[in-house]
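S.K.:
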Amino acid sequence: MSPHSPEAVPGSSLSAARRTRELARTVGGAPVDVLVVGLGATGAGAALDAAARGLTVAAIDAHDLAFGTSRWSSKLIHGGLRYLASGQLDVAHESAVERGVLMERTAPHLVHAQPFVLPLTPLVSRPQAALAWAGFRAGDTLRLAARTARATLPAPRRLSAVETRHLAPALRAQGVRGGLLSWDGRLSDDARLVTALARTAAARGARVLTRVRALELTGTGARVRDELTGEEGQIRARAVVNATGVWAGGLVDGIRIRPSRGTHLVLRADRLGPLPAGLHIPIPGETNRFVLVLPQGDGRVYVGLTDEPVDGPVPDVPEVPETDIGFLLDVLGSVLDEPVRRADVVGAFAGLRPLLDTAPDGPVGAPPRTSDISRRHAVLTSADGVVTVVGGKLTTYRRMAEDAVDAAVAARSLTAGPSPTARLPLVGAASPRTLGTLRAPRRLVRRYGTEAAAVHALALRDPALAAPLLPGHPATGAEALWALRHEGALDASDVLDRRTRIGLVPEDRAAALDAVQALVEGARAAR
Numbered sequence: 000m001s002p003h004s005p006e007a008v009p010g011s012s013l014s015a016a017r018r019t020r021e022l023a024r025t026v027g028g029a030p031v032d033v034l035v036v037g038l039g040a041t042g043a044g045a046a047l048d049a050a051a052r053g054l055t056v057a058a059i060d061a062h063d064l065a066f067g068t069s070r071w072s073s074k075l076i077h078g079g080l081r082y083l084a085s086g087q088l089d090v091a092h093e094s095a096v097e098r099g100v101l102m103e104r105t106a107p108h109l110v111h112a113q114p115f116v117l118p119l120t121p122l123v124s125r126p127q128a129a130l131a132w133a134g135f136r137a138g139d140t141l142r143l144a145a146r147t148a149r150a151t152l153p154a155p156r157r158l159s160a161v162e163t164r165h166l167a168p169a170l171r172a173q174g175v176r177g178g179l180l181s182w183d184g185r186l187s188d189d190a191r192l193v194t195a196l197a198r199t200a201a202a203r204g205a206r207v208l209t210r211v212r213a214l215e216l217t218g219t220g221a222r223v224r225d226e227l228t229g230e231e232g233q234i235r236a237r238a239v240v241n242a243t244g245v246w247a248g249g250l251v252d253g254i255r256i257r258p259s260r261g262t263h264l265v266l267r268a269d270r271l272g273p274l275p276a277g278l279h280i281p282i283p284g285e286t287n288r289f290v291l292v293l294p295q296g297d298g299r300v301y302v303g304l305t306d307e308p309v310d311g312p313v314p315d316v317p318e319v320p321e322t323d324i325g326f327l328l329d330v331l332g333s334v335l336d337e338p339v340r341r342a343d344v345v346g347a348f349a350g351l352r353p354l355l356d357t358a359p360d361g362p363v364g365a366p367p368r369t370s371d372i373s374r375r376h377a378v379l380t381s382a383d384g385v386v387t388v389v390g391g392k393l394t395t396y397r398r399m400a401e402d403a404v405d406a407a408v409a410a411r412s413l414t415a416g417p418s419p420t421a422r423l424p425l426v427g428a429a430s431p432r433t434l435g436t437l438r439a440p441r442r443l444v445r446r447y448g449t450e451a452a453a454v455h456a457l458a459l460r461d462p463a464l465a466a467p468l469l470p471g472h473p474a475t476g477a478e479a480l481w482a483l484r485h486e487g488a489l490d491a492s493d494v495l496d497r498r499t500r501i502g503l504v505p506e507d508r509a510a511a512l513d514a515v516q517a518l519v520e521g522a523r524a525a526r
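Residue numbers for the sequence shown follow numbering that gives the first Met the number 0, beginning at 0 and rising by one.
1) Below 8 Å between beta carbons: does that hold for Ile-282 and Leu-331?
2) So, Val-302 versus Leu-274, is the Cβ gap smaller than 8 Å?
3) Taking all protein chains shown into account, do 16 or more other C-beta atoms lie within 10 angstroms of the C-beta of Gln-173, making it buried, or fewer, making it exposed?
4) Should the segment 183 to 201 be regarded as contacting the segment 102 to 116, the criterion being three or more beta carbon pairs within less than 8 Å?
5) Alpha carbon to alpha carbon, how far is Leu-271 from Thr-163? Give it in angstroms, no decimals.
6) Near Gly-391, which residues of its chain fall below 6 Å by C-beta distance, leaving aside the five closest residues on each side in sequence?
7) Could you pull out every unbroken beta strand (DSSP E) segment of at least 3 residues lying fully inside the segment 133 to 211, listed in chain order?
8) Within the same chain, show all residues whose beta-carbon is closer than 6 Å to that of Glu-226, passing over the 5 residues directly before and after it, in chain order.
9) Determine the burial state of Arg-340: buried for a count of at least 16 other Cβ atoms within 10 Å of its Cβ, exposed for fewer.
10) What are the start and end residues of the alpha helix (DSSP H) that includes Ser-94?
11) How would you call Leu-480, buried or exposed, if buried means at least 16 neighbouring beta carbons within 10 angstroms?
12) Name the residue from Ala-29, Leu-22, Gly-27, Gly-53 whose alpha carbon lies nearest to the alpha carbon of Asp-60.
13) When DSSP labels each residue in this structure, what does Phe-326 get in the three-state scheme?
14) Rounded to whole angstroms, what is the Cα-Cα separation between Ala-551 and Ala-197?
15) Given Ala-522, which residues of its chain have a CB within under 6 Å of its CB, disregarding the five upstream and five downstream residues?
16) Under a three-way DSSP split, which group does Val-408 fall into?
17) Should Thr-322 be labelled buried (16 or more other beta-carbon atoms within 10 Å of its own) or exposed?
18) Quick check: what's the CA-CA separation for Thr-420 versus Ala-409?
19) Ends of the beta strand (DSSP E) at Ala-347?
20) Kindly indicate which residue of Ala-45, Ala-452, Arg-508 has the alpha-carbon position closest to the one of Arg-203.
21) Can you tell me whether Val-290 is buried or exposed? The criterion is at least 16 other CB atoms within 10 Å of its CB, across all chains shown.
22) Cutting at 8 Å between CB atoms, please list the residues of its own chain near Ser-333, excluding the five before and the five after it.
23) Give, in chain order, every unbroken run of the alpha helix (DSSP H) that is at least 4 residues long and sits entirely within the segment 271 to 321.
24) Hey, which unbroken runs of the beta strand (DSSP E) at 3 residues or more fall wholly within the segment 206 to 273?
25) Report the partner residues of Leu-75 according to the DSSP bridge assignment.
26) Based on the DSSP secondary-structure assignment, which residues constitute the bridge partners of Ile-501?
27) Do the segment 151 to 169 and the segment 248 to 268 make contact, defined as three or more Cβ pairs closer than 8 Å?
28) Please list, in chain order, all residues of the same chain as Ser-11 whose beta carbon is under 8 Å from its beta carbon, the five residues on each side excluded.
29) Identify the continuous alpha helix (DSSP H) that holds Thr-454 and give its terminal residues.
30) Residues in the same chain with beta-carbon distance under 8 Å from Arg-24, minus the five sequence neighbours each way, listed in chain order, please.
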């Protein structure tokens, strides 16, 4: 397809009509080779991996694409520096490799280089600054070991006090003696990555079915319920992959997850003024943890994140406690000229990391802090053959998916070759040079890649679709309509909360709801 063609990638479009057709084929139908349960990054990645090997695939989720942890991240694709500092050399290298895969091969339209400034304030001692600088240099060595080009990720460098204030004007000037500039990978939107994975899998024949809940798993399939109609049935499969993250233990016995809550605040961008770079703000008393300030380019800034253990039942949407908000505001206020107040927080979100609990049973002292639990992923096969993948992180979703499909292929003796996904471009991917020639706004190119021209064409054909869904946010009616026609959005929540992210600010969500609901009803009437 020409990068200028106003069409979706053939076969990749997900819609309500396609869901209806493929659900009818799948429930009660002939067995598929692989059933994937869970459509976050790892599950959508597993569906793509299996489909790319030529296996028949069904992938289901009780809610929507990226409904769980995959939409609550910092939107960063980490190079593994934190894991290097804690001695997890294999995890650090794996992260750096997977960052390079995303930035240079599979999703260069969605993942870009993000600069960060660590301001050297009076709260950062000279030994701490030296340690941080050594860490950033080590991170650049990881980049080199992963064979990621210097043009993709620039080198870290020291900043003067003037340069630091230029990149972070909101900083308190008094006592700032300079800064440290580093670079990492940054997603335009984590939920968009999941959508691209699911659509790329669909283009290779995977049946991607949202609003289908797995009630019971076995090694040969699942009993499921269509959450739109309440009808139950059976999906038969030769292999089953459980990629449900923090909910994995509810479907397979013996899986113990120790969730860790990562909270982010949402601020209006004008509250902090111009932010050409993100910020690393050291957490007092910690040597390797920072609060991140992340400008989003859509009139918002995220501030995160926490790392707190969570006990009890896992909710569909985690709540944000006031203690997390207070903690983040306190750390942020330690470096700002004018502190951010509670009333300035227009939204907040929390994700639950699905960390594997490997602690021994019984009272053997206090459990480790969740920040100390390894981010290595694990692939576990139950007695009846269900493959569960847990742990890990967003950056390494592709490797997690590959390992899970490898285990499923081995457990069920399926005929399939090695994974090709390290070199398989996602929907919308193209070289930076090609992306630069697209006749579409740059913001759309960074979210849709080669499909940006098609989204833009909708707006050009209908001026009503060119208007923002609400004042102050760039998402347009054309983007909402594209989500309904091609990205599997079934209702207004899918559009607001996962395709455009307007819903991260409750006030904005309420303001845009009527406009989006009208588009949803129009799409339904057109079926």
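Backbone N, C-alpha and C fix where the C-beta goes; we use that ideal spot for every residue, glycine too.
M.R.: This is what the structure holds:
1) Counting from one through the sequence shown, the residue named residue 282 turns up at place 283. Counting from one through the sequence shown, the residue named residue 331 turns up at place 332. No.
2) Walking along the sequence shown from the start, residue 302 turns up at place 303. Walking along the sequence shown from the start, residue 274 turns up at place 275. Contact: no.
3) Residue mapping note: residue 173 aligns to position 174 of the sequence shown, counting from 1. Gln-173 is exposed by the Cβ-count criterion.
4) yes
5) Position 164 of the sequence shown, counting from 1, holds the residue named residue 163. Position 272 of the sequence shown, counting from 1, holds the residue named residue 271. Using only the alpha carbons, I get a separation of about 15 Å.
6) Taking the sequence shown and counting its residues from 1, the one referred to as residue 391 is at position 392. Closer than 6 Å at Cβ, skipping near neighbours: His-376, Met-399.
7) 156 to 158, 178 to 186, 206 to 208
8) By 1-based counting over the sequence shown, the position of residue 226 is 227. Cβ neighbours of Glu-226 beyond the five flanking positions: Arg-210, Arg-212.
9) Within the sequence shown, residue 340 is the residue found at index 341, counting from 1. Arg-340 should be labelled exposed.
10) As a working note, residue 94 is residue 95 in the sequence shown. First-last of the alpha helix (DSSP H) with Ser-94: 88 to 100.
11) Start at 1 with the first residue of the sequence shown, and residue 480 comes out as number 481. Label assigned to Leu-480: buried.
12) One-based indexing of the sequence shown puts residue 60 at position 61. Of Ala-29, Leu-22, Gly-27, Gly-53, the residue nearest in Cα terms is Leu-22.
13) Start at 1 with the first residue of the sequence shown, and residue 326 comes out as number 327. Three-state result, Phe-326: helix.
14) Residue 551 cannot be examined here, being either before or after the span of the chain that is shown, 0 to 526.
15) Counting from 1 along the sequence shown, the entry for residue 522 is found at position 523. For Ala-522, where only same-chain residues beyond five positions count, the Cβ hits under 6 Å are Leu-483.
16) As a first step, residue 408 must be located in the sequence shown, where it is residue number 409. Val-408 falls in the helix class under three-state DSSP.
17) On the sequence shown, position 323 is the one that residue 322 refers to. Result: exposed.
18) Taking the sequence shown and counting its residues from 1, one reaches residue 420 at position 421. Taking the sequence shown and counting its residues from 1, one reaches residue 409 at position 410. About 18 Å.
19) Residue numbering aside, residue 347 sits at position 348 when the sequence shown is read from its first letter. Unbroken beta strand (DSSP E) run through Ala-347: 344 to 355.
20) Position 204 of the sequence shown holds residue 203. Closest by alpha carbon: Ala-45.
21) Taking the first residue of the sequence shown as 1, we reach residue 290 at position 291. When all chains shown are included, Val-290 counts as buried.
22) Position 334 of the sequence shown, counted from the first residue, corresponds to residue 333. Only Thr-120, Leu-122, Ile-280, Pro-283 meet the Cβ criterion.
23) none
24) 206 to 208, 211 to 217, 220 to 225, 231 to 241, 256 to 267
25) Stepping through the sequence shown from its first residue, residue 75 is reached at position 76. DSSP, once it has assigned bridges, lists Arg-185 as partnering Leu-75.
26) Here the question's residue 501 lines up with position 502 in the sequence shown. None; Ile-501 has no bridge partner.
27) no
28) In the sequence shown, residue 11 corresponds to position 12, counting from 1. Same-chain partners within the cutoff: Arg-198, Thr-199, Ala-201, Ala-202, Val-426, His-485.
29) As a position in the sequence shown, residue 454 is number 455, starting the count at 1. Here residue 454 turns out to be Val, not Thr, going by the sequence shown. Note, Val-454: alpha helix (DSSP H), 451 to 460.
30) As a position in the sequence shown, residue 24 is number 25, starting the count at 1. Answer for Arg-24: Arg-206, listed in chain order.
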